[in-house]
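Working notes, structure below.
In our numbering, the protein residues as written are 34 to 299.
The structure is reproduced here in structure tokens:
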């Protein structure tokens with residue numbers, strides 16, 4: 034079976050490290066979501082800096098010092114935005130985008146947009162935790178995780194037509210639809226637990242789809258850069274962007290929806 038990547042062994046070869054790494058991330062994430070406040074904000078700032086570092090690294094390979102500097106700028110910019118709040122926060126969040134735009138790299142425009150999405154995600158996550166408490170963050174992450182897990186297993190088991198083979202050759206329609214079903218199930222559970230209104234059943238699959246598009250966007254960026262993983266920080270998952278790409282898409286959409294209407298979660 035060693036030479037058969039399409040066989041059963043190859044299909045599930047990454048499952049064990051994925052599960053172990055996911056368990057560690059769940060424990061750390063759950064503790065930080067429960068603690069909230071400065072502790073949760075610190076974790077988000079560090080993750081944001083790490084993702085900006087990965088983004089700078091894959092779009093400017095060979096420039097050793099630049100990605101680290103960009104990562105530090107990303108973390109500092111989010112910290113500044115959280116301290117400033119108000120009208121100056123958006124300007125602080127855009128500093129990493131400007132920094133990436135001013136340094137030599139491939140796909141400069143894409144990198145600047147993606148950097149903005151990363152910093153906005155960090156700011157929105159801290160804002161959601163502060164404004165809605167644990168329930169909003171748990172719902173958002175649960176939707177993304179359920180969509181990812183359902184998509185992974187159903188896609189691997191059923192296979193079928195590819196969702197967007199030119200960009201993400203492993204994504205199938207069966208896995209995509211399964212992700213939407215998983216998201217609705219999450220929305221139903223939170224509804225039954227009294228953490229939201231019936232609109233959660235509508236919003237959850239929308240957020241799941243945004244997460245799936247976030248996953249595809251990162252896959253497209255990596256394909257253009259000619260890399261398989263954004264880094265090797267997380268065994269079985271690759272890098273931070275590989276693990277949190279869907280959360281970026283989902284969080285940005287939740288933030289945009291929250292600007293025009295009240296979120297059906299409390």
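Note that the Cβ used here is the ideal one computed from N, Cα and C, for glycine as well.
Quantities reported herein were computed from a predicted structural model and do not represent experimental measurements.
Asked                                                                                                          : Found
Buried versus exposed call for residue 171 [16 or more other C-beta atoms within 10 Å across all chains shown] : buried
Classification of residue 39 by the beta-carbon crowding that lies within 10 angstroms, buried from 16 upward  : Note that residue 39 has pLDDT 49, beneath the 50 cutoff, so the model's placement of it is unreliable and the number below is only indicative. Answer is exposed; the Cβ neighbour count stays below 16.
Under 8 Å between C-beta atoms of residue 78 and residue 258                                                   : no
Burial state of residue 137, where buried means 16 or more other Cβ atoms lie within 10 Å                      : exposed
Distance between residue 89 and residue 124 (C-alpha atoms, nearest Å)                                         : 20 Å
Environment of residue 72 [buried if 16+ CB atoms lie within 10 Å]                                             : exposed
Which of helix, strand or coil DSSP assigns to residue 228                                                     : coil
Cβ-Cβ distance between residue 80 and residue 242 below 8 Å                                                    : no
Complete runs of the alpha helix (DSSP H) confined to the region 116-185 [at least 4 residues]                 : 122-126, 128-134 and 141-165
Whole-Å CB distance - residue 244 paired with residue 180, under 8 Å assumed                                   : 6 Å
Residue 261 in three-state terms, based on DSSP                                                                : coil
Best match in 236, 207, 201 and 204 for proximity to residue 218 [C-alpha to C-alpha]                          : 236
Residue nearest to residue 110 in terms of C-alpha spacing, selected from 142, 94 and 154                      : 154
Rounded distance between the beta-carbons of residue 188 and residue 207, thought under 8 Å                    : 6 Å
Beta-bridge pairing of residue 81 - partner residues as DSSP gives them                                        : DSSP lists no partner for residue 81.
When 86, 158 and 117 are compared against residue 130, the one with the closest alpha-carbon                   : 86
Residue 167 to residue 282 span [Cα, whole Å]                                                                  : 20 Å
Nearest-angstrom beta carbon gap, residue 263 and residue 255 [assumed within contact, 8 Å]                    : 7 Å
Among 261, 299 and 203, the one whose alpha carbon lies nearest that of residue 226                            : 299
Cβ distance (whole Å) where residue 212 is taken to contact residue 184 below 8 Å                              : 4 Å
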